[in-house]
Amino acid sequence: MSNFRYSLYRNVGLAVERYNMINDGDKILVALSGGKDSFAMLDALSRLKLRAPVKFSLFVCIVNSGFPGYAVDRLEKWLVERKYDYHIEKSDMYESIFLDPVKAKDGCFYCSRQRRSILFRLADANNCQKVALGHHMDDFIETALMAMMYNGRIETMLPIFDSSGKKFRVIRPLMYVSEDTTQKYCAKMEFPAITCCCPQSCAGVLKRTKVKKMLLEFAKDEFKIKENIFRSLANYNSEYMLDLRFNEKLAAIKYEKINIRKKASTKGDTVEGNLNVS
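Residue numbering for the sequence shown is 0 to 277, as defined by numbering that gives the first Met the number 0.
Next up, the structure:
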């Protein structure tokens with residue numbers, strides 16, 4: 000078995016086990032966009048299904064967004080040949096979002112929200128306990144950098160979380176799998192992957208696209224950069240963070256100053272008069 004195939008299977012299994020993503024009797028809605036990542040996820044889950052200690056089933060869902068060039072027929076043919084249980088949902092996302100001059104300015108947000116809403120509705124209608132999305136390790140890294148660069152926050156995607164109303168859980172089994180691995184795997188398996196049809200993503204105007212290019216540039220000389228950024232998301236040192244909620248030493252110094260002020264106020268002195276600065 001090639002290294003990247005072993006890496007895919009091993010890391011999907013690791014994520015599933017570590018975060019308890021799949022339980023006995025689960026029916027999992029697998030979101031298949033037609034890209035390399037969702038194909039890799041579907042195939043890895045299908046293989047895991049054959050050897051996992053728990054029994055679960057897969058229900059493949061495709062949201063046809065109506066993007067020009069989106070070859071949904073090719074995807075359906077592939078699913079039929081492999082006898083997958085599947086559903087294709089037609090959507091007007093392209094017309095309602097990307098042809099709307101107002102919504103198109105934030106097309107990624109509206110598209111993601113509408114797509115997820117459709118998937119959640121289908122999961123509920125088909126009695127699914129889990130919804131599997133194909134975000135890989137690079138997506139986690141890019142999301143973290145975007146949050147810092149554009150929103151001033153340290154955060155990223157979650158590997159597993161409850162939907163609103165807690166009817167089912169969303170899982171991201173590819174969280175430990177690099178984009179490079181999904182690319183090689185997809186090419187090796189000859190999946191009928193569809194290239195990105197999103198007009199904004201293809202034009203390279205999205206913030207995520209810019210961050211991705213920046214990461215690739217850094218990784219040319221330091222191949223461990225992406226892996227180290229990902230590791231840092233679960234390996235922070237609270238003693239060197241500025242958030243007083245998590246840095247106890249920094250918080251103690253702050254409250255020490257407050258207590259000095261209170262004592263000075265009680266004695267009628269100034270704070271400076273109570274501090275020894277010699």
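Idealized CB from N, CA, C, for every residue including glycine.
With DSSP as the reference, label residue i as helix, strand or coil.
| i | result |
| --- | --- |
| Leu47 | helix |
| Glu247 | helix |
| Ser56 | strand |
| Ala131 | strand |
| Arg323 | With the chain covering 0 to 277 only, the question about residue 323 has no answer from this structure. |
| Ile224 | helix |
| Phe38 | helix |
| Phe190 | coil |
| Ile140 | helix |
| Ala14 | helix |
| Lys295 | Residue 295 lies beyond the residue range present for the chain, which begins at 0 and ends at 277; the question has no answer from this structure. |
| Asn22 | coil |
| Asp179 | helix |
Thinking C-beta only, is residue j closer than 8 angstroms to residue i?
| i | j | result |
| --- | --- | --- |
| Ile27 | Lys166 | no |
| Met174 | Pro191 | no |
| Glu55 | Asp25 | In the sequence as presented, Glu is not what sits at residue 55; that position holds Phe. Yes, Cβ-Cβ distance for Phe55 and Asp25 is below 8 angstroms. |
| Ala250 | Ala131 | no |
| Met145 | Arg207 | yes |
| Val62 | Ser95 | no |
| Arg171 | His134 | yes |
| Glu80 | Ile117 | no |
| Ala39 | Thr181 | yes |
| Ile228 | Ala122 | no |
| Asn10 | Val176 | yes |
| Lys223 | Glu238 | no |
Can you have a look at residue i and say buried or exposed, based on whether 16 or more other CB atoms are within 10 angstroms of its CB?
| i | result |
| --- | --- |
| Met92 | buried |
| Met188 | exposed |
| Val59 | buried |
| Ile252 | exposed |
| Lys225 | buried |
| Ile140 | buried |
| Glu178 | buried |
| Tyr184 | buried |
| Val15 | buried |
| Val210 | buried |
| Thr194 | exposed |
| Phe3 | buried |
Please report the Cβ distance between residue i and residue j, rounded to the nearest whole angstrom; I am assuming they are in contact, meaning their Cβ atoms lie under 8 angstroms.
| i | j | result |
| --- | --- | --- |
| Leu280 | Ala43 | In the structure displayed, the chain extends from 0 to 277; residue 280 sits before or after that span and is not available. |
| Leu205 | Cys107 | 6 angstroms |
Original post:
Which full runs of the alpha helix (DSSP H) of 4+ residues lie inside the region 69-133, going along the chain?
Top reply: Here the runs fully enclosed are 71-80 and 106-124.
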